[in-house]
Structure formats: structure tokens, C-alpha cells
Amino acid sequence: MVTTIQLRPETKSRLDDMKIHPRESYDEVLNRLLDMAYDPEPLSEETLKKIEEGIADIRAGRGRPFEEVVRERGLE
989 MVTTIQLRPE TKSRLDDMKI HPRESYDEVL NRLLDMAYDP EPLSEETLKK
1039 IEEGIADIRA GRGRPFEEVV RERGLE
């Protein structure tokens, strides 16, 4: 079954710009974009909590510059 949707000209132009090749259909473009937007493995609550803790550490000045860690571990 095919469904018709209405798009503003600007939206159509943006979809045109996202085509990988000229013959790619809008259906293919939209499905590719939807696949990119959907994460089949969302972050766990534990991971989100650790990210928030890390951001809080950085804001509180408890972080170290990347270059310092690289130098300290001899990874230069």
C-alpha cells in the first residue's frame, strides 16, 4: 500500500540533499534516517547515572585534561 504525504518544498529539498544516489526513493531515504535515529539498545539506567556522575565531576573540576593522561601513561 502506498501513502501520499505532504511536504513543504524546503523539506523535499532537504530529503533530495540526503539521497545517496539520484534514483534513491524518498521511502529509502526516510527509512535510512529512521534507522539512524532509532537505537535498538538504549542506554541502561546504570550507564545514564554514570554519565551524569561524570558530567558532575567535570563541572566540579575533578577531571584531568586528556593530554595529561596520555602523557602520564606514555601513550604519546
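Whatever position you read off the sequence shown (first residue = 1), add 988 for the numbering used here. Every residue gets a Cβ at the ideal spot worked out from N, C-alpha and C, and that includes glycine.
query                                                                : result
Leu995 and Val1017 closer than 8 Å at C-beta                         : no
Glu1055 versus Asn1019: straight-line alpha-carbon distance, rounded : 40 Å
Range covered by the alpha helix (DSSP H) that runs through Gly1062  : Element bounds for Gly1062: n/a, residue is neither H nor E.
Ala1025 (DSSP reduced to helix, strand or coil)                      : helix
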